[in-house]
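Enquirer: Sending over a structure as structure tokens; questions will come in a sec.
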Amino acid sequence: MSTAILTGQPVPGSSLESDLRSLGFDVLPAADAAETGSLLAAIPAQERVAVVDARFVGHPHALRLGLTDPRFPLAAVPGALTAQPAARAALTRALAHETTSGGGALAVDSLADRIADVLAAEGDDVHRPELGSLVAEVPTDPQTRNEARQAVAAVDDEAVRLKSAVKARDGFFTTFFISPYSRYIARWCARRGLTPNQVTTASLITALIAAGCAATGTRTGFVAAGVLLIASFVLDCTDGQLARYSLQYSTLGAWLDATFDRAKEYAYYAGLALGAARGGDDVWALALGAMILQTCRHVVDFSFNEANHDATANTSPTAALSGKLDSVGWTVWARRMIVLPIGERWAMIAVLTAFTTPRITFYALLIGCAFAATYTTAGRVLRSLTRKARRTDRAAGALADLADNGPLAELLTRHLPAGIRVPAPLTAAAGAVLLILAAALDGTGFSLLLAAVLYVALSADAVSRPLKGALDWLVPPIFRAGEYLTVLVLAARADVNGALPAAFGLVAAVAYHHYDTVYRIRGNAGAPPAWLVRAIGGQDGRTLLVAVLAALLTGAQFTVALTVLAVAVALVVLVESTRFWVSAGAPAVHDEGEPA
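Structure representation (structure tokens):
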């Protein structure tokens, strides 16, 4: 429930009350601050409340932005202020201050604006949305009221709302081939009461059906898979646009939005591999390689951003050059396409699936993603080496959480000698390279076990100090590559039917845990609980276990062991992740940054 308290004398001919009711508010009139306080005290504490000046003139969408966004406990536009239940105490306190001071301390005519100023002065975070061309004013005389109404009439509220539903920064394919019509699908969904979560689920189901079509291994199935993959992507764009159009943000929606894109893409890889196998072509290694490469790309993005978003003195000549290039129109789109974001990537996969073979599709995907990964990583390394930045303890803690070291590395860290420490990225890379080479050259021998033990020791050494170095953000992606590639190489060397699909399942389960960690950190909710990381061994413990299993078991036994491990990890992380994301304390994370 939501209640709006309309303060002051109603203006004849105003549509304000009907606009508020259309936004879901019950409307109560109040003559002054004292009566507003009495009404506020009588409204149940679990309700959202708003204080709106009766003279308000503006677009309904301006009110919607200011009063209905669930992500902000306190929000305001000129002439209107809202407080969710968590911020009701702050609103009551500010209103009491206004009542006792009589408004004399602040030369602001509107009660809602005076309360917002008091809240801001007392240190409360009052969100003020960007209105752009939308109007939100409190006219004080007939002339200014007439001018405000003319300004409202001059701007198409619905057109602005539709435009703002689209991400401000998106890929070329999405911007020019999807968003021009998906926004209207979003509006259609909103007018029929559909929620973003329902559209997200429809997108997942469509992608899974596409994977099923690809798994048939027939040309008809491949064509249907390509068409359905594009349809899934249209729905994937629509769910976010629907959330922005109707301001329907939720913690459950955050969880679905944060994880389903990866689930859809990686399930489709599995479908392609199954379809290829039906035709006698084993491409499971390529499918797993594509998933590993894509996951490592994302971890590079996440780690770099976490390391630098709150760094002080964070300047770089490379970043300045990038900003200059952004001012040249065509370079913006060229640079966005080079990184092969989700729109371009899925379009390429869909077309290649329909007209070529799974093997060619995976070759193109690996080549394109490898080039994109090299381009983005090289640019970020160059920025890191040329920028003068002092990283915070929070950033170092986030990188340590992303590293995902387990109890073995924690124990070793306490007993490592001080000595001369090698930079963390070099230590991590040395351990990963040694282990992958040992797995490739001697998959079941003593050297594999020795390399795995060294990997654990070097993993501990890499995070034994705060990760504040210029390139320390590379540590988490190096660990991801070390763990995932070890599983891939050992499964390939097992040379047993089912080993690579089992490895695909294990890497998928672990990757889900790593994505879950990222989005918790992005929502300022911290990393997953320590017991979860210990229960699934940490990246070092899992890697050591896989190496030991490969050395001690036959190929068939190793395949069974990988399957059991994949199921166990998936069950633990999914249960804990689901508990967290559907709980009331989970953050509403909606990515508005770079397209993934």
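Counting in this note's numbering, the sequence shown runs without a single skipped number right up to 609 at its last residue.
We treat Cβ as the ideally placed atom computed from N, Cα and C, and that holds for glycine.
Shortest alpha-carbon distance to R68 belongs to which of A43, V62, T81 and S51?
Expert: Checked all of A43, V62, T81 and S51; the closest Cα to R68 is A43.
Enquirer: From E150 to D45, what distance separates their C-alpha atoms?
Expert: In a straight line, the C-alpha of E150 is about 19 angstroms away from that of D45.
Enquirer: Quick check on DSSP: helix, strand or coil for I56?
Expert: In the structure shown, I56 sits in coil (DSSP, three-state: anything other than H, G, I, E or B).
Enquirer: Let me make sure I understand the geometry here. Which of V509, H526 and G539 has the alpha-carbon closest to that of V574?
Expert: Correcting the residue identity first, residue 574 is Ala in this sequence and not Val. Nearest of V509, H526 and G539 to A574, Cα basis: V509.
Enquirer: So, under 8 angstroms CB-CB, D474 and T440 are touching, yes? Tell me the CB distance rounded to an integer number of Å.
Expert: Between T440 and D474 the Cβ distance is about 5 angstroms, and since that is below 8 angstroms, they are a contact.
Enquirer: Is the number of C-beta pairs between the segment 454-472 and the segment 299-306 that are closer than 8 angstroms three or more?
Expert: Cβ pair count under 8 angstroms is below three, so no.
Enquirer: So what's E135 in DSSP terms, helix, strand or just coil?
Expert: Three-state result, E135: coil.
Enquirer: If V476 and A416 are in contact, beta carbons under 8 angstroms, what's the gap, nearest whole angstrom?
Expert: Indeed, because the Cβ distance is near 5 angstroms, the residues count as touching under 8 angstroms.
Enquirer: Which runs of the alpha helix (DSSP H) fall wholly inside the segment 488-573 and span at least 4 residues, in chain order?
Expert: The segment 488-573 contains these whole alpha helix (DSSP H) runs: 488-507, 512-535, 543-548 and 551-565.
Enquirer: Using the three-state DSSP reduction, which class does G71 fall into: helix, strand or coil?
Expert: In the structure shown, G71 sits in a strand (DSSP, three-state: E or B).
Enquirer: Tell me, to the nearest whole angstrom, how far the beta carbon of I191 is from that of F235; I am working on the premise that it is less than 8 angstroms.
Expert: About 22 angstroms; that fails the 8 angstroms criterion.
Enquirer: Can you have a look at Y194 and say buried or exposed, based on whether 16 or more other CB atoms are within 10 angstroms of its CB?
Expert: Y194 comes out exposed.
Enquirer: Considering Cα atoms alone, identify which of G184, L429, V173 and R182 is closest to Y197.
Expert: Closest option to Y197, Cα to Cα, is V173.
Enquirer: Roughly how many angstroms separate the alpha carbons of A453 and A563, rounded to a whole number?
Expert: If you take the alpha carbons of A453 and A563, they lie about 12 angstroms apart.
Enquirer: I'd like to know if the segment 49-61 and the segment 17-34 are in contact, where contact means that at least 3 CB-CB pairs between them fall below 8 angstroms.
Expert: Short answer: they touch.
Enquirer: For I18, which residues does DSSP report across the bridge?
Expert: In the DSSP output, where bridge partners are listed per residue, I18 has L41 and V64.
Enquirer: Whole angstroms are fine: how far does the CA of V502 sit from the CA of A178?
Expert: Each residue's Cα considered, the two are about 44 angstroms apart.
Enquirer: For P91 and R493, I'd like the C-alpha separation in whole angstroms.
Expert: Using only the alpha carbons, I get a separation of about 48 angstroms.
Enquirer: Name the residue from E48, V561 and V148 whose alpha carbon lies nearest to the alpha carbon of G71.
Expert: Closest by alpha carbon: V148.
Enquirer: Using CA coordinates, which residue listed in T229, N321 and S460 is at the minimum distance from D406?
Expert: For D406, the nearest C-alpha among the options comes from N321.
Enquirer: My output table needs one value for A286: the three-state DSSP class, helix, strand or coil.
Expert: Helix at A286.
Enquirer: Determine, using beta carbons only, whether T390 and V313 come nearer to each other than 8 angstroms.
Expert: Result yes, Cβ atoms of T390 and V313 sit closer than 8 angstroms.
Enquirer: DSSP puts V90 in a beta bridge; with which residues?
Expert: Answer is A93.
Enquirer: Compute the Euclidean distance between the alpha carbons of L76 and L108, then round it to the nearest angstrom.
Expert: One C-alpha to the other measures close to 21 angstroms.
Enquirer: Please report how far the alpha carbon of R257 lies from the alpha carbon of N537, in whole angstroms.
Expert: Taking the straight line joining both Cα atoms gives about 21 angstroms.
Enquirer: DSSP state of R84, grouped into three classes?
Expert: DSSP places R84 in coil when its eight states are reduced to three.
Enquirer: H526: buried (16+ other C-beta within 10 angstroms of its C-beta) or exposed?
Expert: Classification of H526: buried, given that the 10 Å Cβ count is 16 or more.
Enquirer: Going by beta carbon distance, what residues of the same chain come within less than 7 angstroms of L566, once the five residues before and after it are set aside?
Expert: Hits under 7 angstroms: A574.
Enquirer: Tell me the DSSP bridge mates of R158?
Expert: DSSP, once it has assigned bridges, lists no residue as partnering R158.
Enquirer: Are the beta-carbon atoms of T572 and A524 separated by less than 8 angstroms?
Expert: The answer is no: Cβ separation not under 8 angstroms.
Enquirer: Which residues in the same chain have their Cβ closer than 8 angstroms to the Cβ of S316, if we skip the five residues on either side of it in sequence?
Expert: Around S316: L412, L415, W486, L487, V488, P489 and P490.
Enquirer: Give the DSSP-derived three-state secondary structure of A181 in the structure shown.
Expert: In the structure shown, A181 sits in coil (DSSP, three-state: anything other than H, G, I, E or B).
Enquirer: Can you give, in chain order, each stretch of the beta strand (DSSP E) that sits fully within the segment 380-434 and has at least 3 residues?
Expert: If we require 3 residues or more, the beta strand (DSSP E) runs fully inside the segment 380-434 come out as 401-403.
Enquirer: Taking DSSP as the reference, what is the three-state secondary structure of A149?
Expert: Strand.
Enquirer: Which whole-angstrom value is the C-beta distance of V284 and A228, which I expect to be below 8 angstroms?
Expert: One detail in the question is off: residue 284 reads as Gly in this sequence, not Val. Yes, G284 and A228 are in contact; Cβ-Cβ is about 4 angstroms, under 8 angstroms.
Enquirer: Buried or exposed: S114, going by 16 or more other Cβ atoms within 10 Å of its Cβ?
Expert: Exposed, by the Cβ-count rule.
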